[in-house]
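Step one of this worksheet: look at the structure below.
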Amino acid sequence: QQQVKQSPQSLIVQKGGISIINCAYENTAFDYFPWYQQFPGKGPALLIAIRPDVSEKKEGRFTISFNKSAKQFSLHIMDSQPGDSATYFCAASRGNTDKLIFGTGTRLQVFP
Amino acid sequence: DTGVSQDPRHKITKRGQNVTFRCDPISEHNRLYWYRQTLGQGPEFLTYFQNEAQLEKSRLLSDRFSAERPKGSFSTLEIQRTEQGDSAMYLCASSRGLRGAGETQYFGPGTRLLVL
Chain A
1 QQQVKQSPQS
11 LIVQKGGISI
21 INCAYENTAF
31 DYFPWYQQFP
41 GKGPALLIAI
51 RPDVSEKKEG
61 RFTISFNKSA
71 KQFSLHIMDS
81 QPGDSATYFC
91 AASRGNTDKL
101 IFGTGTRLQV
111 FP
Chain B
1 DTGVSQDPRH
11 KITKRGQNVT
21 FRCDPISEHN
31 RLYWYRQTLG
41 QGPEFLTYFQ
51 NEAQLEKSRL
61 LSDRFSAERP
71 KGSFSTLEIQ
81 RTEQGDSAMY
91 LCASSRGLRG
101 AGETQYFGPG
111 TRLLVL
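Top line first, the protein sequences correspond to chains A and B. Taking the numbering used here, the leading residue of the first sequence gets 1, the next gets one more, and so forth. Taking the numbering used here, the leading residue of the second sequence gets 1, the next gets one more, and so forth.
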């Protein structure tokens, strides 16, 4: 059962453009929503995270928008750079276990 | 401060053989997680430890899989009688485990397993 749905599967953006990746979740008990970035041959690395009591969080060029009523959240990468080319995963967790439920990933390619 | 390390980075084995992977978490991190990632998919939770106690196991973890964290530091994941379907990247992550919900999990580079 896929509890976190992610789209698109792949994304091509020109340098300087905005990259937008969307996720939807089903379990209303989720209370922590991180985004991870993964380069080939590496483990995922935390990019930015949000809790459901906040509708938006910004860190540098990266912004999470969160819509609790729609059970959706998205990652916006402003001024996308070739170095941002990687696979991005949204995830969700709940309660004390913190086990992460990941989306299927979005492969981002930023062309100069 | 060193990150999470995993050993080996790559493992090729024949079907039916046993394999063991090791994970060394960030020093003083109380929680340790194992995930499995297949090609083109997100990581899937397998199991986690709070110190030396294994607190949850996914249904993905068949009886051929066993994980230990004997002294609350490093952990091992053993797969017995490997099958071709076990081919995947096995990721380890650790977190402080002090506050409960919403702590950052730091991932290691993974062990890529290929079962022939």
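Ideal Cβ positions, reconstructed from N, Cα and C, are used throughout, including at glycine.
Under the three-state DSSP convention, the category residue i falls into
| i | result |
| --- | --- |
| Pro109 (chain B) | coil |
| Pro8 (chain A) | coil |
| Gln84 (chain B) | helix |
| Asp7 (chain B) | strand |
| Asp24 (chain B) | strand |
| Pro82 (chain A) | helix |
| Phe30 (chain A) | coil |
8 Å Cβ cutoff, residue i in contact with chain A
| i | result |
| --- | --- |
| Tyr90 (chain B) | no |
| Phe107 (chain B) | yes |
| Phe45 (chain B) | yes |
| Gly110 (chain B) | yes |
| Thr38 (chain B) | no |
| Gly42 (chain B) | yes |
Residue i to residue j span [Cα, whole Å]
| i | j | result |
| --- | --- | --- |
| Ser75 (chain B) | Arg112 (chain B) | 17 Å |
| Leu46 (chain A) | Asp63 (chain B) | 31 Å |
| Cys90 (chain A) | Lys99 (chain A) | 13 Å |
| Ala53 (chain B) | Gly16 (chain A) | 48 Å |
| Thr106 (chain A) | Gln37 (chain A) | 10 Å |
| His29 (chain B) | Ser73 (chain B) | 8 Å |
Nearest-angstrom Cβ-Cβ length linking residue i and residue j, presumed shorter than 8 Å
| i | j | result |
| --- | --- | --- |
| Tyr48 (chain B) | Leu32 (chain B) | 7 Å |
| Phe39 (chain A) | Ala92 (chain A) | Actually they do not touch by this definition, with Cβ atoms about 22 Å apart. |
| Leu55 (chain B) | Phe65 (chain B) | Not confirmed; about 16 Å, so no contact. |
C-beta neighbour in chain B for residue i, strict 8 Å
| i | result |
| --- | --- |
| Gly102 (chain A) | It is Phe, not Gly, that sits at residue 102 (chain A) in the sequence shown. Output row for Phe102 (chain A): interface = yes. |
| Tyr25 (chain A) | no |
| Pro40 (chain A) | no |
Three-pair Cβ contact test at 8 Å for the segment 68-83 of chain A versus the segment 11-25 of chain B: Contact between the segment 68-83 of chain A and the segment 11-25 of chain B is not established, with fewer than three Cβ pairs separated by less than 8 Å.
Contact the segment 1-17 of chain A vs the segment 46-59 of chain A: 3+ CB pairs below 8 Å: Taking 8 Å as the limit for Cβ pairs, the verdict is that the segment 46-59 of chain A does not touch the segment 1-17 of chain A.
Cβ contact check for the segment 19-30 of chain B and the segment 91-105 of chain B: 3 or more pairs under 8 Å: In the pairwise beta carbon analysis, the segment 19-30 of chain B is classified as touching the segment 91-105 of chain B: at least three pairs are separated by under 8 Å.
Cβ pair count under 8 Å reaching 3, the segment 17-34 of chain A against the segment 64-72 of chain A: Proximity of the segment 17-34 of chain A to the segment 64-72 of chain A meets the contact definition, three or more beta-carbon pairs being nearer than 8 Å.
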